[in-house]
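Below is one structure, written out as structure tokens; the observations come after it.
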Amino acid sequence: MTLTVEGLDVRYGGVHAVRDLSFTVGPGEIVGLIGPNGAGKSSTLHAIVGLAPASGSVRLGDSELLGRRPEEVARSGIALVPEGRRIFAELTVEENLRLGLAGRRGRDAPDYAGLFELFPVVHEFRSRQAGALSGGQQQQLAIARALVAEPDVLLLDEPSLGLAPSVVDVVFDALAAIKERGLAVLLVEQRAQRTVAAADRTHVLAHGALRVTLAPNEAGDTDKLVAAYLS
Amino acid sequence: MRRHLEELVVPLGLVVAAALLGTLVSISTQTYFTDTLVKVSIVVALYVFIGNSGVLSFGHISFVALGAWTAGVLTVPTSEKPAIMPNLADFLVHRHASNVMSLVIAAVVGGIAAFIVGIPLMRLSGLAAGIATFGVLEITHNLLTYEERVGPGQNAFSSVPETTGLRQAGIAAVVCIVVAFVYSRSRFGRLLRATREDDAAARAVGTSVYRQRLIAFTVSGFLAGLAGGLYVHLLPVQVNSVYLDLTFITLAMLVVGGTTSLFGAVVGALAVSALDSWLAVAENGTSLFGWHIDLPPGTAEIVVGSLMAAVLILRPSGLTGGRELRLRGVPWRGSASRARA
Amino acid sequence: MTLAILNIDWSTLADGLALGATYALMAVGIGLVFGVLRLVNFAYGQLVMAGAFALALASEWGWPVWAGIVLCFAVVLALSIAMEHLVFRPLRGHSPAVMLVATFAVAFLLQSIALLWFGALGKIAFSLAFLNRPWTISSVDIRKIAIVAIVVAIVCLALLQLLLTRTEIGLHMRAASMDFATSRMLGVRANRVISFAVLISGALAAIVAVMLTVQNSQVTPDFALRDTIVVLAGVVVGGLNRPVPATLGGFAIGFATGVLGGALPTNQSQYIPAIVFAAVILVLLVRPRGLFDFSRTVERV
């Protein structure tokens, strides 16, 4: 199903974080969202899942998601991998995964085998406390946790933050595999060039508004990127 | 400075008006007015600390109790002491003070006690502070109940000259309001309010949170002690009358009025006390607009309790919104006029 | 057999353990609601009081014991749900201080209502008084209720532990108490988790009501008020932010109070509240996060 964002407006008190933002993410697509700090990228994701006050329209297929409570949005098939991973350090890896089941719509068992293929570390450390994992491993756990709910749309908020390059590779490889499975992926990132190269299209946000959209082959076009960031 | 004076004048005006109103009623009704004015003093004392620091204290009534005990022991005629307080310590048996002197000493005792208690406790915040100050209340209550060398123990203070009249209570309330005003306008008050609004920022500019809290706590203990001295000369005070119920009702008055302003403290005390007194009268049978009302005993607490719960749930900033009142009708954010980032 | 230092015999030890067990259950009840709502329910003792009055009424009406206990549970659970809707929900998001004073107000209010309804002397709950009599085991008298309280507490805690670790709702509750926002984002239903916590908390209050009325059959409006204050102190001292330290704190303060009460002569035991709270203050100063809190989590209050 396609995620459609139309005329999204997010305000925190006096701050206008997102202005009239519109874009879509279809199944099997990776759409990137990049931009300088404070551009409104995280606010966009928060608005989609119902954690930020917003107006406009956010639709999954035909159903309107805006205004629903976060747990309802999760149960509609949208999964967010939040900034900073937000895993439960005192629960085991397995318990963290089980928690992800809360957002599931189906009754049958999830495809654990496929998950463990993508992220072997999650299976290996399943009985360990999640807090004992490294940053990269926690990131993989966070993504696995989101996938356990078998969502239609996967949102990621800066997954490569604070990770070593080798781990970033793992993450981006996994994203490619996830895209293959037909999920719609919305990727918010700081690593501009990598994102532009990996995504089907990348929107550049600055001051809450969409400035320019880049195609993968424009990943090397730094001038255009800088101009968009500074606009 | 003119604007600031308005913050003093309005609460003072209310209190003076209440006192004057009290002179117009019968002697028996006057007791309610006097009681109200003493409560104003207590609530103002609470505001000095809680309102400015943002730290909850359940323990201030201990300073009221200590003030009451001090003033009571000093003014019970020496001849009566052996009868009422047979186990009183020797050096207390022969001490006697005049009425006003006993009030002053009561205030000083309250202040010193607050200082001593504050030295360890002012490091704490939030829930820990709440529990710790509750502990102070419990300890004081426990000690005063069983320690008959310093007072009447479980019995009520009797034979204390009933010197607290409308005028004395009114003057004391005025004194408390002036002290509270001067404190809150002072550098200390403003520094403390800065820590209430933004702890980290205040510390970053070098404010000692601990020191400011201790100062406020001591001042409020002083005022509470004074109120205690007044109290013991108004009613027969017993350990349980300066314990949980009084703690609750004075906190209720502060919260309902508006915790963060002096105006709120006074409004809360006057309004809730008026309501409580009227309900107490209604429990004995009274008439309102021609209807005879006879409420069952205990209704007063229920109404006041419901009111406090309702205000806290629906409008935690209280009747005044925690602001001081400007006479021109434009509410000024009296607590901390900081520039919005 | 006596311990020479203080006058502690087996009977006193059992009483101390029983009070510790009772307070541990109360600590869990308070802790569960705090975990999911970040709210300290000062009015928890009033739930116990309500249950105790239910037991008293049942015994006055001549109901069989089991019926009285059912009534107790029904009343306490109903009151818990009412509290959740009327007090907890509107208070969500306010500062801890406002929440504490608000629940303080509710406690006072409920106490006043009970005072109006039942009078200061309250009522007497007869039914289970037989448990207050002692068993004599090799010339040592231990009150039956002490054994019952300890056993019941252990069973309850064990069941609760199973619930929290083995069930889905238990996992959701644990997660919610660690990070509510993220839990919701994963699909955990906020209202369901909160209601569940409130119900378990209420059930524990009902159990405590039964246990306390056996030892103190005179149910007054301030029934369990002092206990709540002491338990709260124990919980904060133990470590409010984590469930195990909080429960240990409740147990410790109950045990200490119970043992001291039995061991000290009356002219000293009357000062137990002062001693206990002086210790509480001391601990708060030295280890504000709690005696038993060895974790490195950030202080939330």
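Residue numbers (my numbering), protein chains in the order written: chain A, 104 to 334; chain B, 5 to 345; chain C, 12 to 312. C-beta: ideal position from N, C-alpha, C; glycine also.
Where does the unbroken alpha helix (DSSP H) through residue i begin, and where does it stop?
{"i": "Ala212 of chain A", "result": "Here Ala212 of chain A belongs to no alpha helix (DSSP H), and DSSP marks it neither H nor E."}
{"i": "Arg197 of chain B", "result": "191-201"}
{"i": "Pro284 of chain C", "result": "283-297"}
{"i": "Thr268 of chain C", "result": "254-274"}
{"i": "Leu258 of chain B", "result": "248-261"}
{"i": "Thr324 of chain B", "result": "Thr324 of chain B -> no alpha helix (DSSP H), and no H or E assigned at all."}
{"i": "Gly350 of chain B", "result": "Outside the displayed range of chain B (5 to 345) lies residue 350 of chain B, so it cannot be described from this structure."}
{"i": "Leu24 of chain C", "result": "21-48"}
{"i": "Arg358 of chain A", "result": "Here chain A has residues from 104 to 334 only, and residue 358 of chain A is not among them."}
{"i": "Thr144 of chain B", "result": "130-150"}
{"i": "Gly135 of chain A", "result": "First-last for Gly135 of chain A: 133-137, but that is the beta strand (DSSP E), not the alpha helix (DSSP H)."}
Does the beta-carbon of residue i have 16 or more other beta-carbons within 10 angstroms, so that it is buried, or is it exposed?
{"i": "Gln172 of chain C", "result": "exposed"}
{"i": "Ala279 of chain A", "result": "exposed"}
{"i": "Pro156 of chain B", "result": "buried"}
{"i": "Ile165 of chain C", "result": "exposed"}
{"i": "Pro86 of chain B", "result": "exposed"}
{"i": "Ala228 of chain B", "result": "buried"}
{"i": "Val162 of chain C", "result": "exposed"}
{"i": "Ala330 of chain A", "result": "exposed"}
{"i": "Phe95 of chain B", "result": "exposed"}
{"i": "Asp238 of chain C", "result": "buried"}
{"i": "Trp73 of chain B", "result": "buried"}
{"i": "His145 of chain B", "result": "buried"}
{"i": "Ala35 of chain C", "result": "buried"}
{"i": "Pro254 of chain A", "result": "buried"}
{"i": "Glu69 of chain A", "result": "Lying outside 104 to 334, the shown extent of chain A, residue 69 of chain A is not represented and no answer is given."}
{"i": "Gln122 of chain C", "result": "buried"}
{"i": "Ile148 of chain C", "result": "exposed"}
{"i": "Glu328 of chain B", "result": "buried"}
{"i": "Leu333 of chain A", "result": "exposed"}
{"i": "Ala216 of chain C", "result": "buried"}
{"i": "Thr13 of chain C", "result": "Caution is warranted here: a pLDDT of 42 is assigned to Thr13 of chain C, below 50, making its placement in the model unreliable, and the coordinate value is therefore given only provisionally. Exposed, by the Cβ-count rule."}
{"i": "Tyr215 of chain A", "result": "exposed"}
{"i": "Tyr115 of chain A", "result": "exposed"}
{"i": "Glu261 of chain A", "result": "buried"}
{"i": "Leu28 of chain B", "result": "exposed"}
Over what stretch of residues does the beta strand (DSSP E) that includes residue i continue unbroken?
{"i": "Val248 of chain C", "result": "Where Val248 of chain C is concerned, there is no enclosing beta strand (DSSP E), although the alpha helix (DSSP H) it sits in stretches over 236-249."}
{"i": "Phe126 of chain A", "result": "118-128"}
{"i": "Glu292 of chain A", "result": "287-292"}
{"i": "Ala307 of chain A", "result": "The sequence as given places Val at residue 307 of chain A; Ala does not occur at that position. It spans 304-309 - the beta strand (DSSP E) in which Val307 of chain A sits, taken as one unbroken run."}
{"i": "Asp152 of chain C", "result": "151-154"}
{"i": "Gly159 of chain A", "result": "157-163"}
{"i": "Ala182 of chain A", "result": "181-184"}
{"i": "Ala235 of chain A", "result": "Run containing Ala235 of chain A: none; DSSP gives neither H nor E here."}
{"i": "Glu109 of chain A", "result": "106-115"}
Pull up the CB-CB distance for residue i and residue j, whole angstroms please, since I reckon it's below 8 Å.
{"i": "Met222 of chain C", "j": "Thr23 of chain C", "result": "Not quite, the Cβ-Cβ distance comes to about 18 Å (not below 8 Å), so this is no contact."}
{"i": "Leu328 of chain A", "j": "Ala277 of chain A", "result": "Contact flag wrong, Cβ pair sits at about 25 Å."}
{"i": "Val113 of chain A", "j": "Ala157 of chain A", "result": "5 Å"}
{"i": "Tyr55 of chain C", "j": "Gly40 of chain C", "result": "6 Å"}
{"i": "Val204 of chain C", "j": "Ala187 of chain C", "result": "5 Å"}
{"i": "Gly326 of chain B", "j": "Thr263 of chain B", "result": "6 Å"}
{"i": "Ala252 of chain A", "j": "Leu204 of chain A", "result": "7 Å"}
{"i": "Thr105 of chain A", "j": "Val121 of chain A", "result": "With 8 Å as the limit, Thr105 of chain A and Val121 of chain A do not qualify as a contact, their Cβ atoms being about 20 Å apart."}
I want to check one thing, is the minimum distance from the CB of residue i to the heavy atoms of the ligand COA below 7 Å?
{"i": "Ala136 of chain C", "result": "The ligand content of the structure shown is nil, which means the ligand COA is not present either."}
Identify each residue in the stretch 191-203 of chain A for which the Cβ-Cβ distance to at least one residue of chain C is less than 9 Å, and report them in chain order. Using a CB distance below 9 Å, the part of the stretch 191-203 of chain A facing chain C consists of Phe191, Ala192, Glu193, Leu194, Glu198, Asn199, Arg201, Leu202, Gly203, ordered along the chain.
Quick test of the definition: if touching needs 3 or more C-beta pairs under 8 Å, does the stretch 308-320 of chain B touch the stretch 113-124 of chain C? Enough Cβ pairs lie closer than 8 Å, so yes.
Cβ contact check for the stretch 237-252 of chain A and the stretch 215-225 of chain A: 3 or more pairs under 8 Å: Touching, yes.
Using a Cβ cut-off of 8 Å, which residues of the stretch 186-218 of chain C contact any Cβ in chain A, in chain order? Going along the stretch 186-218 of chain C in chain order, one finds Ala186, Met189, Asp190, Ala192, Thr193, Ser194, Arg195, Met196, Leu197, Gly198, Val199, Arg200, Ala201 with a Cβ nearer than 8 Å to chain A.
Just by C-beta distance, which residues in the stretch 236-256 of chain B are closer than 7 Å to chain C? Residues of the stretch 236-256 of chain B with a C-beta atom less than 7 Å from some C-beta of chain C are Phe252, Leu255, Ala256, listed in chain order.
Give a yes or no on contact between the stretch 67-78 of chain C and the stretch 273-292 of chain C, applying the rule of three or more CB pairs nearer than 8 Å. Judged by Cβ distances under 8 Å, the stretch 67-78 of chain C makes no contact with the stretch 273-292 of chain C, as fewer than three pairs qualify.
Short of 8 Å Cβ to Cβ, which residues in the stretch 184-215 of chain B face chain C? For the stretch 184-215 of chain B, which is checked against every Cβ of chain C, not one residue is closer than 8 Å.
Three-pair Cβ contact test at 8 Å for the stretch 230-242 of chain B versus the stretch 28-48 of chain B: Because the criterion of three Cβ pairs below 8 Å is met, the stretch 230-242 of chain B and the stretch 28-48 of chain B touch.
Would the stretch 84-101 of chain C count as touching the stretch 57-64 of chain C if we require 3 or more Cβ pairs under 8 Å? In this structure the stretch 84-101 of chain C touches the stretch 57-64 of chain C; the number of beta carbon pairs closer than 8 Å is three or more.
Could you run through the stretch 256-284 of chain C and flag, in chain order, every residue whose CB is less than 7 Å away from some CB of chain B? Result list: Gln281, Tyr282, Pro284.
Counting only Cβ-Cβ distances shorter than 7 Å, please list the residues of the stretch 131-148 of chain B near chain C, keeping chain order. The stretch 131-148 of chain B vs chain C, Cβ under 7 Å: Leu131, Ala132, Gly134, Ile135, Ala136, Phe138, Gly139, Glu142, Ile143, Asn146, Leu147.
If you pair each beta-carbon of the stretch 194-211 of chain C with each one of the stretch 256-266 of chain C, do three or more pairs fall below 8 Å? Contact fails: fewer than three Cβ-Cβ distances are below 8 Å.
Report yes or no: do the stretch 130-150 of chain B and the stretch 279-299 of chain C share at least 3 C-beta pairs separated by less than 8 Å? Three or more beta-carbon pairs separated by less than 8 Å link the stretch 130-150 of chain B to the stretch 279-299 of chain C, which places the two stretches in contact.
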